[in-house]
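Numbers 1 to 281, taken from this note's numbering, label the letters of the sequence shown in order.
Don't be surprised by glycine CBs; every beta carbon is placed ideally from N, CA and C.
Data block below; observations after.
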Amino acid sequence: MAGRKGKSNSGGLCCVQASLILFNVITLLGGVATLGIGAWLLHQSLNSNSEAALLEDLSNANGIPFSEDFKGISIVLVALGSLVTFISFLGCFGAFFNSRCLLLCYLVSVTLILILQLMVSVFAILYRQPVNNAMREELISIIQVKYRPNNTYAIPVDAIQERFECCGVNGYSDWFSVNAWPSENIVPDSCCHVLQNNTGCGSMNPKYWQEKGCIGQIQIWIVEQLHFVACAILAVVFLQLYGIIASTLLFYHTKSMDPYSSSQRTSTPYKSYSYERAGMM
């Protein structure tokens, strides 16, 4: 029975070991994917022709913190992907060599990263609406007060309206009677549908104007970008939960199979002492 139990424990250990190695290979791919997404978002923020760069130009003109937040998220994803990749290698080596030290370091690291990811997710959810409200108020302030044709605000605002095919913050009526043209219900030419010649179309019939507000289009674009990020992070979280369970099992299996464990060290002298007493009697 002891031999059968030993084979069963050995087989269970091999299964846990193989599953943990396989898990870390998958986690490694997830880490590389997170690293790639972060690098792509960072490239988008640095690309002068991208939507993120247009929002950055607008924020630089008005002090809106969106661009720095966007870059910050990208850098965090790059760092997180790199860290997950490194820890995956740590888990693979720990499982392959049955190293309790590496397994313990791996278990603690994965647990801390999981807690950090959950905290960041909760923070993002709680502050999403305040950020949206702040962005809306800043854009309205730019349109109604600070916008002038060909000034520092006009270039990014016009570029955003052309790129997102929108007009104003909530709609084209946001441009009516602004400081740039008091008492006139007109819009910039960047609000017009694509025509052969858009010059002066902002003063023409409203049927040529975009009806959608830019705040909604910007939010849709941000959600589309964050959708890929959320899917990658969610996949990594589930894999991390599995890694915590598997590494814990392997850690205790390795401890129970240690020939120099404390239970075996204490049992051997007891048996020897019992045999000596039996011989004396």
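{"Check": "For the ligand ATP, any of its heavy atoms closer than 7 Å to the Cβ of LYS212?", "Outcome": "The model on display carries no ligand, and the ligand ATP is accordingly not part of it."}
{"Check": "Please say whether ILE37 and VAL229 have beta carbons closer to each other than 8 Å?", "Outcome": "yes"}
{"Check": "If you count every other CB in all the chains shown that lies within 10 Å of the CB of ASN24, and 16 or more means buried, which is it?", "Outcome": "buried"}
{"Check": "Applying the criterion that 16 or more other CB atoms from any shown protein chain within 10 Å of the CB defines a buried residue, is TYR147 buried or exposed?", "Outcome": "buried"}
{"Check": "Would you check if there are 3 or more beta carbon pairs closer than 8 Å linking the region 213-228 to the region 89-101?", "Outcome": "no"}
{"Check": "Within the same chain, show all residues whose beta-carbon is closer than 7 Å to that of TYR242, passing over the 5 residues directly before and after it, in chain order.", "Outcome": "PHE23"}
{"Check": "Using only CA atoms, which one of GLN225, LEU77 and LEU107 lies nearest to SER247?", "Outcome": "LEU107"}
{"Check": "Under a Cβ-count criterion, where at least 16 other Cβ atoms within 10 Å of its own Cβ denotes burial, should GLU224 be classed as buried or exposed?", "Outcome": "exposed"}
{"Check": "For CYS167 and GLY30, I'd like the C-alpha separation in whole angstroms.", "Outcome": "39 Å"}
{"Check": "Using the C-alpha atoms, what's the distance from MET135 back to PHE176?", "Outcome": "20 Å"}
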